[in-house]
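Here is the structure we will look at, set down as C-alpha cells.
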Amino acid sequence: MNEQICKNMEFTELFNGQSTIFSPNGRFLACICADCVEVRYADTLLKAFKFECADIVKVIKWSGDSALLLCQGPFTIKIFSVVSGSNIAVLKQPLGHLNQISWVADSRTVLFSEPFLFRMAVWKINVQYGQTIEYINNVQPWAKPNAALSPNGKHLAVIACKVDNDMDTKPEIGSLQNPANKESADELVLYSSISWRKEITINCNGIHRINGVAWSPNSSIVVVWPSDPQQPVLFLSTHTGFIIGKWQSPDKLWAGVLGVEFSPSSQFLTVVGLNSKVHMINCIAWCEELELIHHTSVCSSECEVYQEAPGDYLKNSYFVKVRERPVSISFLSQLGKLSSSKVVWSSGGRYLASCLARAPAVIWIWSCALLFKLCCVIVTKHPVTDFKWDPVQNILAIVDGQDCVALWNADEKILRSLSVCTPVSRLLFQARHLHWRHDGKVMVASSEQNSTILELSSHDQ
Numbered sequence: 000m001n002e003q004i005c006k007n008m009e010f011t012e013l014f015n016g017q018s019t020i021f022s023p024n025g026r027f028l029a030c031i032c033a034d035c036v037e038v039r040y041a042d043t044l045l046k047a048f049k050f051e052c053a054d055i056v057k058v059i060k061w062s063g064d065s066a067l068l069l070c071q072g073p074f075t076i077k078i079f080s081v082v083s084g085s086n087i088a089v090l091k092q093p094l095g096h097l098n099q100i101s102w103v104a105d106s107r108t109v110l111f112s113e114p115f116l117f118r119m120a121v122w123k124i125n126v127q128y129g130q131t132i133e134y135i136n137n138v139q140p141w142a143k144p145n146a147a148l149s150p151n152g153k154h155l156a157v158i159a160c161k162v163d164n165d166m167d168t169k170p171e172i173g174s175l176q177n178p179a180n181k182e183s184a185d186e187l188v189l190y191s192s193i194s195w196r197k198e199i200t201i202n203c204n205g206i207h208r209i210n211g212v213a214w215s216p217n218s219s220i221v222v223v224w225p226s227d228p229q230q231p232v233l234f235l236s237t238h239t240g241f242i243i244g245k246w247q248s249p250d251k252l253w254a255g256v257l258g259v260e261f262s263p264s265s266q267f268l269t270v271v272g273l274n275s276k277v278h279m280i281n282c283i284a285w286c287e288e289l290e291l292i293h294h295t296s297v298c299s300s301e302c303e304v305y306q307e308a309p310g311d312y313l314k315n316s317y318f319v320k321v322r323e324r325p326v327s328i329s330f331l332s333q334l335g336k337l338s339s340s341k342v343v344w345s346s347g348g349r350y351l352a353s354c355l356a357r358a359p360a361v362i363w364i365w366s367c368a369l370l371f372k373l374c375c376v377i378v379t380k381h382p383v384t385d386f387k388w389d390p391v392q393n394i395l396a397i398v399d400g401q402d403c404v405a406l407w408n409a410d411e412k413i414l415r416s417l418s419v420c421t422p423v424s425r426l427l428f429q430a431r432h433l434h435w436r437h438d439g440k441v442m443v444a445s446s447e448q449n450s451t452i453l454e455l456s457s458h459d460q
C-alpha cells in the first residue's frame with residue numbers, strides 16, 4: 000500500500016541567471032549571466048548592480064563581510080564592490096587554469112592555486128593602496144585539494160613537495176623547479192593566514208604522495224589521505240605537529256579515498272572511497288566505528304522509503320511512501336561516469352545524507368542518535384544533481400535536474416515535493432543547484448539558465 004504525500008508551494012517567477020548564491024549576510028543574490036554578473040536584493044529580487052566582466056564567468060564568490068564579489072573567468076579574476084558598485088581589482092593570468100579560489104577570513108585576501116606553476120597565490124586587495132600578490136612555491140599540483148584554510152581562519156594547510164629550495168623564497172623567472180621530478184615524500188606545511196609565513200612543517204610518515212587535505216571544524220586536527228590505497232589516512236595535531244592517529248581500510252579491494260567529511264562536532268569523520276564505500280571513523284578513539292552499508296534492498300519497516308511517482312505536462316510529480324517490504328534499490332552495474340559519491344552532515348550533526356555514484360538516483364539518510372541507523376531512503380526519477388541541508392533546521396533539499404525540489408523534514412519525518420506550478424515555467428526550468436540563505440528561511444534553486452526563490456512557510460520551518 001502506498002501513501003501519497005504531496006504539497007505544492009509556489010516559487011517566485013524565474014529570473015535570468017545561473018549558479019545563484021546569497022551573500023553571507025543574506026541581503027544580496029548574485030547570479031552569472033554569461034559575461035556579466037547580476038546582483039539583486041534578496042527580499043525584492045530587484046536588480047541592484049550589473050557587473051560587466053568582458054569574458055564568460057565561471058565562478059562567483061562573496062567575501063565574508065558581503066562587501067566584495069569575486070568573478071572568475073578563464074584568464075581573469077575581477078573583484079567588484081557592492082558598496083561603491085564598481086570594479087576595484089583585476090588580475091590577469093595568461094596561462095589560466097586557476098583552481099581552488101577562496102576568500103580568506105579578512106575578506107580582503109584571495110587564495111588560488113596555479114597547478115601548472117606548482118604554487119599557491121596570495122592576492123591582497125586594498126581599496127586605498129592597490130593590490131599585491133605573493134606566492135607559496137613547490138605546492139603539490141595533483142592533490143584535490145592541495146591546500147585548505149582552517150575554519151577559524153588562522154592557518155592555511157598546504158601539501159608541499161619536499162625539495163631542496165626554500166618554499167618561502169620566490170624563484171627567479173625561468174628557474175622554477177618541477178617538484179614532480181623529485182622522489183621525496185610530500186609534507187604538510189601550516190602557514191599563518193596573517194603573515195603568510197611558515198609555522199609548522201609536518202612529516203607525514205607512512206604516506207609518500209598526499210592526495211588531499213581537510214580540517215576538522217574546531218581547527219585542531221588536519222587529516223591527509225594518500226594516493227596509494229595501501230597507505231593509511233593520517234590525523235595530525237595542529238598544536239603539536241605530530242601524527243595522533245591513523246586509519247587504513249581492512250577491505251582488500253579498497254580503491255583509495257575520494258574525500259572526507261567531518262561531523263560538525265569533530266567527533267566523527269566519514270571517509271568516502273573511490274569504490275563508493277563509506278566508512279565512519281571515531282575521532283576520539285581513532286578507530287573505525289562502522290561501515291555505512293548501502294544495501295540493494297530495504298527490509299526494515301523502521302526505515303521509511305519514498306519513491307518519486309511520474310508526473311506529466313500538466314501534473315506535478317510527487318513522492319509516495321512505500322510500505323511493502325522488502326524494497327529493491329536500483330544500482331548501476333558500473334560506477335557512474337558523470338557523478339561521484341558524496342556525503343553531507345546536517346548542521347547539528349544529528350543526520351548524515353549520502354548519495355553513491357553507483358546509485359545516483361538514491362539518497363540514504365542515517366540517524367546519528369540511533370548509532371547511524373538507516374532511517375530514510377529517497378528514490379528520485381533521475382540522478383540527483385544536488386542535495387543540501389538547511390543551515391538551521393534538519394531539512395534536506397534535493398534536486399534531480401527536473402522542475403521540482405524535494406524537502407525531507409527529518410524531525411517531522413515528512414517529505415514534500417515543491418514544484419514550479421505553471422506548465423510554461425516547467426519546460427524552462429530544470430533545477431541543478433541549490434543554495435540556502437544563512438538563516439534557513441529562503442532557498443534558491445538554479446538551472447543552467449534560470450533561477451527561482453522559495454521561501455519556506457512556518458510549517459516547513
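Counting from 1, position 167 in the sequence shown corresponds to residue 166 in numbering that gives the first Met the number 0; the numbering is continuous, with no gaps. Cβ atoms here follow ideal geometry from the backbone N, Cα and C, with glycine treated the same way.
Do you know offhand how far residue i's Cα is from residue j's?
| i | j | result |
| --- | --- | --- |
| Arg471 | Ala53 | Missing from the structure shown is residue 471; the chain here goes from 0 to 460 and no further. |
| Gly211 | Glu323 | 43 Å |
| Gly443 | Val36 | Gly is not the amino acid found at residue 443; the sequence shown has Val there. If you take the alpha carbons of Val443 and Val36, they lie about 16 Å apart. |
| Gly348 | Val271 | 17 Å |
| Thr108 | Ala368 | 40 Å |
| Lys276 | Glu290 | 8 Å |
| Ser191 | Ile199 | 9 Å |
| Pro140 | Leu417 | 42 Å |
| Val398 | His434 | 11 Å |
| Lys161 | Val188 | 10 Å |
| Ala88 | Ile31 | 19 Å |
| Glu171 | Pro231 | Because Glu171 carries a pLDDT of 39, less than 50, the predicted location of this residue cannot be relied on, and the following value inherits that uncertainty. Going from the Cα of Glu171 to the Cα of Pro231 covers about 37 Å. |
| Ile328 | Asn202 | 44 Å |
| Ile55 | Pro73 | 7 Å |
| Glu447 | Phe14 | 12 Å |
| Gly63 | Gly258 | 25 Å |
| Val297 | Ala104 | 44 Å |
| Ala396 | His432 | 10 Å |
| Val404 | Trp388 | 13 Å |
| Val222 | Asp185 | 14 Å |
| Asp250 | Leu406 | 35 Å |
| Phe21 | Ser183 | 44 Å |
| His238 | Val376 | 41 Å |
| Glu454 | Ala29 | 17 Å |
| Gly255 | Phe318 | 36 Å |
| Ser366 | Leu373 | 6 Å |
| Ser353 | Pro382 | 13 Å |
| Trp195 | Pro263 | 27 Å |
Who pairs with residue i in a beta bridge, going by DSSP?
| i | result |
| --- | --- |
| Ile201 | Leu187 |
| Asn406 | Correcting the residue type first, residue 406 is Leu in the shown sequence and not Asn. Ala396 and Arg415. |
| Val378 | Gln306 and Val361 |
| Phe79 | Leu68 and Asn86 |
| Asn98 | Ser112 |
| Gln266 | DSSP lists no partner for Gln266. |
| Cys286 | Asn281 |
| Val441 | Glu454 |
| Cys32 | Cys35 |
| Ala352 | Val343 and Ile364 |
| Val271 | Gly258 and Val277 |
| Asn449 | Asn15 |
What distance in whole Å lies between the Cβ atoms of residue j and residue i, which are believed to be in contact at a cut-off of 8 Å?
| i | j | result |
| --- | --- | --- |
| Asn98 | Arg118 | Their Cβ separation, rounded to whole angstroms, is 12 Å, which puts Asn98 and Arg118 out of contact at 8 Å. |
| Val378 | Glu307 | 7 Å |
| Leu351 | His293 | Not confirmed; about 12 Å, so no contact. |
| Gly205 | Leu233 | 6 Å |
| Ile220 | Cys282 | 7 Å |
| Ala147 | Ala213 | 6 Å |
| Lys153 | Ser215 | Going by Cβ atoms, the distance from Lys153 to Ser215 rounds to 13 Å, so no, they are not a contact pair. |
| Val81 | Leu68 | 6 Å |
| Lys60 | Ile100 | 7 Å |
| Ala66 | Ser106 | 7 Å |
| Ser346 | Pro390 | 5 Å |
Using alpha carbons as the reference points, say which of the options lies closest to residue i.
| i | options | result |
| --- | --- | --- |
| Arg415 | Leu116, Ile31, Ile394 and Trp435 | Ile394 |
| Val58 | Leu44, Asp34, Ile364 and Glu198 | Asp34 |
| Leu45 | Ser62, Val56, Glu51 and Phe27 | Phe27 |
| Gln462 | Trp407, Val342, Pro309 and Ile413 | The requested residue 462 does not occur in the structure, where the chain is confined to residues 0 to 460. |
| His96 | Ile78, Ala104 and Leu116 | Leu116 |
| Ile193 | Ala409, Pro144 and Glu133 | Glu133 |
| Gln17 | Asn449, Phe318, Leu453 and Trp365 | Asn449 |
| Phe386 | Thr11, Trp363 and Leu370 | Trp363 |
| Tyr305 | His207, Ile413 and Leu252 | Ile413 |
In terms of residues, what are the limits of the beta strand (DSSP E) holding residue i?
| i | result |
| --- | --- |
| Lys49 | Lys46 to Glu51 |
| Asn136 | Gly129 to Asn136 |
| Lys320 | Tyr317 to Val321 |
| Thr19 | Gln17 to Phe21 |
| Asp389 | Note, Asp389: premise wrong, no beta strand (DSSP E); not H, not E. |
| Arg118 | Arg118 to Asn125 |
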